[in-house]
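In what follows, a single structure is set out as C-alpha cells and then discussed.
Numbering (our numbering), first residue to last: 18 to 342.
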C-alpha cells in the first residue's frame, strides 16, 4: 500500500466514446501510484456507459457513477460526493494528461503547502500544438489578485485541489450554468491562502476536427454569463473583494461584461432582447475604477457598440473560414 496521499481524478463522461479510452489510458499510465479514477457517466446516450464499466473491470482504481443527465457541473459535483481522496483533480473525458501530471502537482502542492495547484496547458489542434504558459512571475501568495489579472486559466481542469479546502469552503459547481469554471475559480481564489505553480505543461487540451462551433448564441449562454457577473457583483457588495484589489476586480468584471456583449452580437434573440441584456450589463459596472479598454467599450450606447464591433466580428469569421480551407 502506498503511503502517498490518495488523489481522486474526476472525469465527467458524456457522448465521448471515440476519445474515452485514450483519455482514461493517460490516467492509468500515471507515474503517481495512489490514484482513484472516478468516471461519472452523465446519462451518456452512446456506448460510454458500457465502456466505463469495462474499464472498471480491468482496473480496480476505477470507480463508475451512472446518473441521469444533469450537465457538466452536476456530474462534477456527483464525482466529488463519492471521491475519497485527499486531493481532487478534474479532467475532461476527451482530453489527456502527461504521464507525470499528478506527480508534479502533488509535489508542488506539498512543497508550497498550497490549497490548490495550477500548471501550463498544451493546446493540440489538427495541425499544430502550442503551450499556454502561465505568467513566469506569478505570485503564489496572491491567488485572488492573480486570478483577477487572468494570469492563470479559469478552467477547473489541470488543477489539484485539497479536498479539505473544498469541503471547508463549501465550494460546488452551479448546476445548469455554462461557463461555470469562471465562478468556480473565482470562489476558490477568494478563499485560498496560497497556490502552487507547476511550470510544465501537464494537460493536453485537444481541439477536435469534429467540434461544433455554432454561429448563434443561445439564451441560456447569455443568462449564464449574466448570472456570473451578478455573482461577481454580489461578492464585491458582500466585501469578499479587498479594497486594494478594486481596480483589478473592476477590470475583470469589465472583461466579462465585454465578453458577454460580444456574445450578444451572435445572440439568436431579437434586437430588443439584445438591448435589454446590454442594459443589464451596463448596470454591473464597478464604479471608480481606473481606465481600461473593456470598460471604455461598455460605456458606449448599444447602437454604437454594434457599429464598432460588428466589422471586427465579420473579419474574425473570414479569418476562420480561410484557416479551415
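Glycine residues also receive a C-beta, built at the ideal position from the N, C-alpha and C atoms. Predicted, not measured: the structure shown is a model, and the values here were computed from it.
If we count the other Cβ atoms within 10 Å of its Cβ and call it buried at 16 or more, is residue i buried or exposed?
i: residue 313; result: exposed
i: residue 285; result: exposed
i: residue 298; result: buried
i: residue 96; result: buried
i: residue 88; result: buried
i: residue 123; result: buried
i: residue 265; result: buried
i: residue 237; result: exposed
i: residue 160; result: buried
i: residue 93; result: buried
When you compare the CB positions of residue i and residue j, do they come within less than 7 angstroms of one another, or not?
i: residue 139; j: residue 221; result: yes
i: residue 188; j: residue 135; result: no
i: residue 39; j: residue 64; result: no
i: residue 218; j: residue 132; result: no
i: residue 47; j: residue 119; result: yes
i: residue 13; j: residue 257; result: Because the chain spans 18 through 342 in this model, residue 13 falls outside it and cannot be assessed.
i: residue 90; j: residue 191; result: yes
i: residue 137; j: residue 147; result: no
i: residue 37; j: residue 78; result: no
i: residue 288; j: residue 319; result: no
i: residue 325; j: residue 280; result: no
i: residue 24; j: residue 125; result: no
i: residue 200; j: residue 250; result: no
In whole angstroms, give me the CA-to-CA distance for residue i and residue j.
i: residue 185; j: residue 205; result: 11 angstroms
i: residue 263; j: residue 271; result: 12 angstroms
i: residue 85; j: residue 310; result: 43 angstroms
i: residue 153; j: residue 194; result: 32 angstroms
i: residue 291; j: residue 104; result: 43 angstroms
i: residue 253; j: residue 327; result: 32 angstroms
i: residue 107; j: residue 202; result: 13 angstroms
i: residue 322; j: residue 261; result: 31 angstroms
i: residue 228; j: residue 196; result: Only weak support exists for where residue 228 lies, its pLDDT of 49 falling under 50; the coordinates are left without a value.
i: residue 283; j: residue 239; result: 10 angstroms
i: residue 116; j: residue 293; result: 49 angstroms
i: residue 142; j: residue 241; result: 28 angstroms
i: residue 45; j: residue 121; result: 16 angstroms
i: residue 167; j: residue 68; result: 37 angstroms
i: residue 315; j: residue 278; result: 8 angstroms
i: residue 109; j: residue 255; result: 33 angstroms
i: residue 357; j: residue 127; result: Outside the modelled stretch of the chain, which goes from 18 to 342, sits residue 357, for which no answer is possible.
i: residue 259; j: residue 317; result: 28 angstroms
i: residue 169; j: residue 111; result: 22 angstroms
Leaving out five residues on either side along the sequence, give the residues of the same chain with a beta carbon under 8 angstroms from the beta carbon of residue i.
i: residue 70; result: 81
i: residue 162; result: 156, 262, 265
Excluding five sequence neighbours on each side, which residues of the same chain lie with their C-beta closer than 6 angstroms to the C-beta of residue i?
i: residue 198; result: 171, 172, 173
i: residue 269; result: 165
i: residue 43; result: 113, 114
i: residue 41; result: 72
Going by beta carbon distance, what residues of the same chain come within less than 7 angstroms of residue i, once the five residues before and after it are set aside?
i: residue 129; result: 157, 211, 213
i: residue 66; result: 58, 83
i: residue 61; result: 30, 31, 32
i: residue 335; result: In this prediction, residue 335 scores a pLDDT of 45, lower than 50, which makes its location untrustworthy; no coordinate-derived value is stated.
message: So, does the region 56-68 touch the region 20-31, judging by three or more C-beta pairs under 8 angstroms?
response: yes
message: With a threshold of 8 angstroms, are at least 3 pairs of Cβ atoms found where one atom belongs to the region 169-183 and the other to the region 95-112?
response: yes
- prompt: Any chance the region 235-254 sits against the region 266-282, with 3 or more Cβ pairs inside 8 angstroms?
  reply: yes
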